[in-house]
Each structure stands twice: as structure tokens, then as C-alpha cells.
């Protein structure tokens, strides 16, 4: 959506500049210069923003058949790694890396706002469209049947994991073996969802299925918890 807005502004500004230029050529004595300068600055600003601050847009557009092949190519790779870590009781660490900022690794710049070009997660499971990664462990509280992050007077407390769902089509490549800095999977992603790789954030509970099998049962969406927590805070204020 943001891409379309920026392109619309840029195209509209260009057409206005063209119209002003034609009018100015036809009427040289007209007072067109201030308008020409203002719209020129707008055009240059949007061009700079599009070139240097927006994602590159190099994400491949899959046909339905290509999407099936891409999913079936990546799915067994991730399932094998997840099973290996569970079976050998290894850490589930993985590095998410932004395809558009791949050369920012392994450096970090704390002065910059927004999501980092690379960060550590726990690779814990797959779902029908992609992989599930743990971002944090948190406590949720139930008030009137609704999950919140506000304890209040609740006696129902649940340990939950904040899980990000990353679709296979947003994964460009994976290096299972890692590198000299981090010897675990590097997952190269397009940050296509509001500059993040997750199509959805949800809270899950870890369920032991025995024999080394673990299932992450979805409880509630991150958005719902934020909304319900805000409503609860308003009631007790």
C-alpha cells in the first residue's frame, strides 16, 4: 500500500511539473517559478525516499505452481532441522536476515529506529504456509474469558510464547549451517509485512506430545491481546 502511495505522489508531481513547464513556456512572464520549485522539491524527495528507504521490491512473484514448488522445497529443510534439534535436545536458535539489507550483518546500529536487519529467534515449528519462530516468552492473564498482559486481580496466569509466522514465499533462501559468527540457521527473508517478515503474530502454548514431539497451540493473536489489555486498563483506571 505504501509503495502505491509513494508512486502515485511521484507520478502526480511529475505530471504537475510537466504542466507547469508547458504553461511557463507558453507564458514566460507568468509567476510559475515558486510552484515549479515546490513541486520539484516534492518530486526529488519522493524519488530519494523510493530509492533509498523503501524495500527493493525484488521479491519474486510466484505463480500458483511455483509457490507450491517453493513451499515443498523449503518445508522438508526446516522440518528436518526442527526435528534434529528436538531429537538431539539442541538449542533452537536461528538468525532472521533482511534480504534488502544483507550486508548490514554482522554489525548492529542501535541509533537507528525500526526493526534490525538481522536478529535472533527460536525456530520451533512449521505451519501449512511457512515457519513459526519464537520472539519472546511472556505471561498472559485471563479476565472475563479474555487474554490480556495486565495481571489485575486475575488468578488465571498462563505462560505463553509470542510467535511470528513467516510464509515460505517470504523466505528467499536458508543457510542451515550458519557461518563463523553464528553456527545455526540463517534465514533470508523479505520484510513484506509492514517492514517485518511475519504475516501474523500470535501467542502460543507449548504442548508436550511425548516421544520428543512438541506442538505449539495457538491461543490468541497479538493484536487481540493488545486491544483487550487496553480495554481492561481503561476499566480499572
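Residue numbers (the numbering used here): 520 to 756. Heads up, the beta-carbon is just placed ideally off N, CA and C, and yes, glycines get one too.
Check                                                                                                                                                       : Outcome
Looking at C-alpha atoms only, which residue of 544, 659, 654 and 618 is the closest neighbour of residue 719?                                              : 654
In terms of alpha-carbon separation, which member of 692, 608 and 683 lies closest to residue 592?                                                          : 692
Per the DSSP calculation, residue 651 is bridged to which residue(s)?                                                                                       : 644 and 684
From residue 714 to residue 707, what does the alpha carbon distance come to, in whole angstroms?                                                           : 14 Å
Residue 667 to residue 711, Cα distance in whole Å?                                                                                                         : 28 Å
Hey, how far is the Cα of residue 619 from the Cα of residue 672?                                                                                           : 46 Å
Apart from the five residues on each side of it in sequence, which residues of its chain come closer than 6 Å, Cβ to Cβ, to residue 721?                    : 682, 737 and 740
In whole angstroms, what is the alpha-carbon distance linking residue 700 and residue 694?                                                                  : 13 Å
Output the distance between the C-alpha atoms of residue 606 and residue 525, rounded to the nearest integer angstrom.                                      : 49 Å
Cutting at 8 Å between CB atoms, please list the residues of its own chain near residue 600, excluding the five before and the five after it.               : 642, 695 and 704
Have a look at 529, 539 and 628 and flag the residue whose alpha-carbon is nearest the alpha-carbon of residue 563.                                         : 529
When DSSP labels each residue in this structure, what does residue 724 get in the three-state scheme?                                                       : strand
Could you spell out the range, first to last residue, of the alpha helix (DSSP H) harbouring residue 588?                                                   : 583-606
Could you give the residue range of the alpha helix (DSSP H) that holds residue 740?                                                                        : Residue 740 -> not in any alpha helix (DSSP H); beta strand (DSSP E) instead, spanning 733-740.
According to DSSP, simplified to helix, strand and coil, what is residue 667?                                                                               : strand
Please state whether the Cβ-Cβ distance between residue 684 and residue 660 is less than 7 Å.                                                               : no
Excluding sequence positions up to five away, which residues of its chain have a Cβ less than 8 Å from the Cβ of residue 675?                               : 660 and 661
Grab me the residues of residue 555's own chain with a C-beta within less than 8 Å of its C-beta, minus the 5 sequence neighbours each way, in chain order. : 536, 539, 540 and 543
Return helix, strand or coil for residue 566, following the three-state DSSP convention.                                                                    : helix
DSSP on residue 743, reduced to helix/strand/coil?                                                                                                          : helix
Would you kindly work out how many angstroms separate the C-alpha atoms of residue 734 and residue 680, rounded to a whole number?                          : 12 Å
Let me confirm a value: residue 690 is counted as buried when at least 16 other C-beta atoms fall within 10 Å, else exposed. Which label applies?           : buried
Whose CA, out of 595, 656, 745 and 568, lies closest to the CA of residue 650?                                                                              : 595
If you compare alpha carbons, which of 552, 553, 561 and 548 is closest to residue 531?                                                                     : 561
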